[in-house]
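Q:
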Amino acid sequence: MEKVALLKCEEYNVQLIEDKIREGFNLLGGETFIRNLIPYNSKVLLKPNLLITEPPGSIVITHFVVFEAIIRVLKDYTYNIIFGDSPGFGESRRAAEKAGLMDIALKYGVEFDDFTESIHVRLDDSILCKSWNVAKIAYESDVLITLPKLKTHGMAYYTGAVKNQFGCIPGTQKATWHTRMPDANNFCKMLLDLNTLVQTDFAILDGIVAMQGNGPKSGDPYKLNSLIMGKSLTAVDSVGVRLIGYNDPLDIPVLKEAYDYKWGAVLPNEIQVVGKKIEEMKVNDFKLCRKAGNFYFISPVVNNFLREMIAPYPSLIMNKCVSCERCKEVCPEERKAIEMIENNKIHIPKWDMSKCIRCFCCQELCPVGAIELKYNTLGRIIGMNE
Ligand code: SF4
Ligand code: SF4
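Okay, here's the thing in structure tokens:
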């Protein structure tokens, strides 16, 4: 049975969040638990979510106050703390500075690593992927603590503790993985393998203000008032998705893969939630970006066919587009599923859906939120867009 601490936390106040994190560790096993997690003076890597260059407090990225609060707790156990990430777009150092994380790191003597130095390693005991290039520091640190933000996600429905480690793939190599794994299920298997490889030890999921709707970049804030902590990434995510309205965690592709491959605890009866109860904290008006869409037919071919039929597609919100062409630039599909065309004297993207692998990188990384997910007729008929 995996333990997950669910804490109510209503504001980004550093003392309050530090107290909550300490309370979480106490609920999970107290001093013994934390000393086992962080052996004395071990090298601890903090992995925030720096998806893109965003200002401090943005709901797209890890909140600087959560980052400061965990450092204040860790300082009791080690002086050897590093942080880093590789954003989906843009330069890592710039993203860390803009987010306010670099100033906090300087204040507490925490080092920064831009994740550009990579190491080539094998993972023989994998679900799917054996050969890897990952950020060297993520592979070599003694303890990896992930600090995800709870958000909706176009391709993966939801992003949290498991998905956050995709940033351990350096720079543009992330796009290659999207091309190699166009199918969301295989992409999720890859994410699980990646976490096995870098041995993510602990997750603190920031759902104080979560992102609903057109996530993971252009959604709206939702005050969920929750911090979720635990050693099992899938158990933390299972609690996260149930809070926002997915009654069955198996509706989330990465949790379904984790369950099928016995990678981690996913089902409610495998997880002991300590602190607050899910029933007390769950909400019923959180805007999901994808409705649960599992079909249980005997034939996997029929399942896959239907899933493809109801999958959303990227669509332009014309009046928001600023013609920056970033969508075309980040599209990982080698044949480029986007071309820029002229429309009423401005340049806008046009999609070729026969080439699109529906990774939604364009929707994820559009700087002004001008791309949303839309459903075709069948998807609408069966209510996927509600
Ligand atoms: S859709 Fe977004 S990323 Fe693409 S050109 Fe318009 S503003 Fe830029
Ligand atoms: S067009 Fe968008 S969703 Fe389609 S492959 Fe390119 S980035 Fe991915």
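The numbering of the sequence shown is the UniProt record's numbering, which starts it at 1 and goes up by one.
Glycine residues also receive a C-beta, built at the ideal position from the N, C-alpha and C atoms.
Just tell me which of Ile21, Ile17, Leu16 has its CA closest to the CA of Ala5.
A: As a working note, residue 5 is residue 5 in the sequence shown. Out of Ile21, Ile17, Leu16, Ile21 has the C-alpha closest to the C-alpha of Ala5.
Q: Within 10 angstroms of the Cβ of His63, are there 16 or more other Cβ atoms? Answer buried if so, exposed if not.
A: By 1-based counting over the sequence shown, the position of residue 63 is 63. His63 comes out buried.
Q: Any chance you could list the alpha helix (DSSP H) runs of at least 4 consecutive residues sitting entirely within the segment 132-170, in chain order?
A: Complete alpha helix (DSSP H) runs here, min 4: 136-140.
Q: State the Cα-Cα distance for the pair Pro367 and Phe202, rounded to the nearest angstrom.
A: Counting from one through the sequence shown, the residue named residue 367 turns up at place 367. Counting from one through the sequence shown, the residue named residue 202 turns up at place 202. Computed Cα separation, rounded: 31 Å.
Q: Less than 7 Å between the C-beta atoms of Leu191 and Gly240, yes or no?
A: Numbered from 1 along the sequence shown, position 191 holds the residue referred to as residue 191. Numbered from 1 along the sequence shown, position 240 holds the residue referred to as residue 240. The answer is no: Cβ separation not under 7 Å.
Q: What span of residues does the alpha helix (DSSP H) with Pro332 cover, start to end?
A: By 1-based counting over the sequence shown, the position of residue 332 is 332. Pro332 -> no alpha helix (DSSP H), and no H or E assigned at all.
Q: Can you have a look at Gly167 and say buried or exposed, based on whether 16 or more other CB atoms are within 10 angstroms of its CB?
A: Position 167 of the sequence shown, counted from the first residue, corresponds to residue 167. Gly167 comes out buried.
Q: Give every residue of the same chain whose Cβ lies closer than 6 Å to the Cβ of Met1, excluding the five residues on either side of it in the sequence, and list them in chain order.
A: As a working mapping, residue 1 is identified with position 1 in the sequence shown. Hits under 6 Å: Gln272.
Q: Apply the 10 Å Cβ neighbour rule to His178 and answer buried if 16 or more other Cβ atoms are within range, or exposed otherwise.
A: Here the question's residue 178 lines up with position 178 in the sequence shown. Classification of His178: buried, given that the 10 Å Cβ count is 16 or more.
Q: Thinking C-alpha only, which one of Ile52, Arg242, Lys47, Pro87 is nearest residue 387?
A: Shown here, the chain extends from 1 to 386; a query on residue 387 therefore has no answer.
Q: Suppose only complete runs of 3+ residues qualify. What are the beta strand (DSSP E) ranges in the segment 177-237, listed by chain order?
A: 200-212, 220-230
Q: In chain order, which continuous runs of the alpha helix (DSSP H) of length 4 or greater are located wholly inside the segment 58-94?
A: 64-74
Q: Helix, strand or coil for Lys256, going by three-state DSSP, please let me know.
A: Residue mapping note: residue 256 aligns to position 256 of the sequence shown, counting from 1. If DSSP states are grouped into helix, strand and coil, Lys256 belongs with the helices.
Q: Among residues of its own chain, excluding the 5 on either side of Pro349, which ones have a beta-carbon nearer than 7 Å to its beta-carbon?
A: Stepping through the sequence shown from its first residue, residue 349 is reached at position 349. Around Pro349: Leu316, Cys327, Lys328, Ile338, Met340.
Q: How close, in whole Å, do the beta carbons of Leu51 and Pro216 come, if the pair is a contact with beta carbons under 8 Å?
A: As a working note, residue 51 is residue 51 in the sequence shown. As a working note, residue 216 is residue 216 in the sequence shown. The Cβ separation is near 6 Å, so the contact holds.
Q: Looking only at C-alpha atoms, which of Gly230, Pro314, Asn319, Asp113 sits nearest to Lys355?
A: Position 355 of the sequence shown, counting from 1, holds the residue named residue 355. If we check each option's Cα against that of Lys355, Pro314 comes out closest.
Q: Which residue's Cα is closest to the Cα of Met211: Asp251, Gly230, Phe286?
A: Here residue 211 refers to the residue found at position 211 of the sequence shown. Answer by Cα proximity: Phe286.
Q: Quick check on DSSP: helix, strand or coil for Arg358?
A: Residue 358 sits at position 358 when you count from the first residue of the sequence shown. Of the three classes helix, strand and coil, the one that applies to Arg358 here is coil, per DSSP.
Q: Using the beta-carbon of each residue, find all residues closer than 6 Å to any heavy atom of ligand 1 and list them in chain order.
A: Counting every residue whose Cβ lies closer than 6 Å to a heavy atom of ligand 1, we get Leu316, Cys321, Val322, Ser323, Cys324, Glu325, Arg326, Cys327, Pro349, Cys366, Val368, Ala370, Ile371.
Q: Per DSSP, what kind of secondary structure is Leu16 in: helix, strand or coil?
A: Start at 1 with the first residue of the sequence shown, and residue 16 comes out as number 16. It is helical.
Q: Using a threshold of 6 Å, is the CB atom of Gly314 nearer than that to any non-hydrogen atom of ligand 2?
A: As a position in the sequence shown, residue 314 is number 314, starting the count at 1. The displayed chain sequence assigns Pro, not Gly, to residue 314. Yes, ligand 2 has a heavy atom inside 6 Å of this Cβ.
Q: Keeping to the same chain, check which residues put their C-beta closer than 8 Å to that of Gly369; ignore five residues upstream and five downstream.
A: Taking the sequence shown and counting its residues from 1, one reaches residue 369 at position 369. Taken in chain order, the residues that qualify are Asn214, Lys217, Ser218, Ile317, Lys320.
Q: Relative to the C-alpha of Thr196, which residue among Ser118, Val66, Ala258 is closest?
A: Residue 196 sits at position 196 when you count from the first residue of the sequence shown. For the residues Ser118, Val66, Ala258, the minimum Cα distance to Thr196 belongs to Ala258.
Q: Cβ of Cys188 within 6 Å of any heavy atom in ligand 2?
A: Here residue 188 refers to the residue found at position 188 of the sequence shown. Because no heavy atom of ligand 2 lies under 6 Å away, the Cβ of Cys188 does not count as near it: no.
Q: Contact defined as beta carbons within less than 8 Å: I believe Gly29 pairs with Met229. What is the distance between those atoms, to the nearest angstrom?
A: Reading the sequence shown from its first residue, position 29 is the one you call residue 29. Reading the sequence shown from its first residue, position 229 is the one you call residue 229. That belief does not hold up - the Cβ atoms of Gly29 and Met229 are roughly 11 Å apart, past 8 Å.
Q: Comparing alpha-carbon positions, which option in Asp113, Gln199, Val73 lies nearest Asp125?
A: The residue given as residue 125 occupies position 125 in the sequence shown. Answer by Cα proximity: Gln199.
Q: Could you check the C-alpha separation between Lys256 and Arg242 for me, to the nearest Å?
A: Along the sequence shown, read from residue 1 onward, the residue named residue 256 stands at position 256. Along the sequence shown, read from residue 1 onward, the residue named residue 242 stands at position 242. So the two alpha carbons sit approximately 14 Å from each other.
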